[in-house]
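Trainee:
Numbering (the working numbering), first residue to last: 204 to 399.
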């Protein structure tokens with residue numbers, strides 16, 4: 204009882220994405236990443252070196268491959284670990300603001316929907332239009348008192364030329380932090396900063 208040539212919602216054996224679903228999921232991953240402030244900060248501030256933008260594309264490709272090539276069930280913990288490891292490897296950045304868990308959850312939900320041929324969440328991201336740079340939004344919030352009241356484009360350019368503002372959700376490790384035996388320093392969340 205093989206049914207050849209089904210609709211876009213047809214999935215292969217054990218939840219394999221159809222070529223159309225795979226393509227749409229790839230676009231969805233890119234859209235989610237374009238709205239992930241921590242990743243965009245890493246790209247705009249070249250925390251991954253001069254190849255930061257291509258590192259971001261490599262991360263999206265790695266996640267799409269994980270969804271499409273994994274054998275057996277997919278677990279959100281594995282996806283979180285993959286995101287965390289790649290942020291460290293590609294951008295030398297540890298993220299401790301809870302955004303990895305949020306991004307992983309959104310991607311898992313998106314993947315499940317794509318398996319069913321439901322592209323509504325990705326359509327919604329498409330319709331929401333171009334993203335006002337999450338980094339420049341963060342910049343304006345942090346620099347509320349500053350003399351800069353500029354357009355998003357100018358704020359984005361400012362982020363490349365100026366040092367990081369003093370309080371952001373994710374900060375590059377400070378020099379006074381002591382690295383552990385592997386040479387990594389932990390970035391603490393804002394919530395934990397005042398506590399000793």
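By construction, the Cβ of each residue, glycine as well, lies at the ideal position given by its N, Cα and C atoms.
1) Rounded to a whole number of angstroms, what is the C-alpha to C-alpha distance between residue 268 and residue 282?
2) Tell me which residue opens and which closes the alpha helix (DSSP H) that residue 269 is part of.
3) By the DSSP assignment, the alpha helix (DSSP H) with residue 246 in it spans what residues?
4) Would you identify the three-state DSSP class for residue 310, choosing helix, strand or coil?
5) Please classify residue 246 as buried or exposed, where buried requires at least 16 other C-beta atoms within 10 Å of its C-beta.
6) From this set, 387, 220, 383 and 313, which residue's C-alpha is nearest residue 274's C-alpha?
7) Please work out which residues of its chain come closer than 7 Å, Cβ to Cβ, to residue 315, disregarding the five sequence neighbours upstream and downstream, and give them in chain order.
8) Three Cβ pairs or more, each shorter than 8 Å: is that satisfied between the segment 298-314 and the segment 229-241?
9) Applying the 10 Å Cβ sphere with the 16-neighbour rule, what's the burial state of residue 278?
10) Can you grab the Cα-Cα spacing for the pair residue 306 / residue 317, in whole Å?
11) Between residue 293 and residue 251, is the Cβ-Cβ spacing less than 9 Å?
12) How big is the Cα-Cα spacing for residue 383 and residue 236?
13) Between which residues of its own chain and residue 311 is the CB-CB distance below 6 Å, once the five residues before and five after are set aside?
14) I believe residue 328 touches residue 289 by the beta-carbon criterion, under 8 Å. Please report the beta-carbon distance rounded to the nearest angstrom.
15) Excluding five sequence neighbours on each side, which residues of the same chain lie with their C-beta closer than 7 Å to the C-beta of residue 304?
16) Specify, as a first and last residue, the run of the alpha helix (DSSP H) that residue 218 falls within.
17) Using DSSP with H/G/I as helix, E/B as strand and the rest coil, what is residue 383?
18) With residue 286 as the anchor, note down where its alpha helix (DSSP H) starts and where it stops.
Mentor: Let's see:
1) 12 Å
2) 255-272
3) 240-247
4) Here DSSP, grouped into helix, strand and coil, assigns residue 310 to helix.
5) With 16 or more Cβ atoms within 10 Å of its Cβ, residue 246 is classed as buried.
6) Distance check between residue 274 and each of 387, 220, 383 and 313 places 220 closest, using alpha-carbon atoms only.
7) none
8) yes
9) exposed
10) One C-alpha to the other measures close to 16 Å.
11) yes
12) Per the coordinates, the alpha-carbon of residue 383 lies some 29 Å from the alpha-carbon of residue 236.
13) 279
14) Contact between residue 328 and residue 289 is ruled out by a C-beta separation of about 21 Å, above the 8 Å threshold.
15) 283
16) Counting along the chain, residue 218 falls outside any alpha helix (DSSP H), and DSSP gives it neither H nor E.
17) Residue state, collapsed to three classes: coil.
18) Segment 279-294, the alpha helix (DSSP H) holding residue 286.
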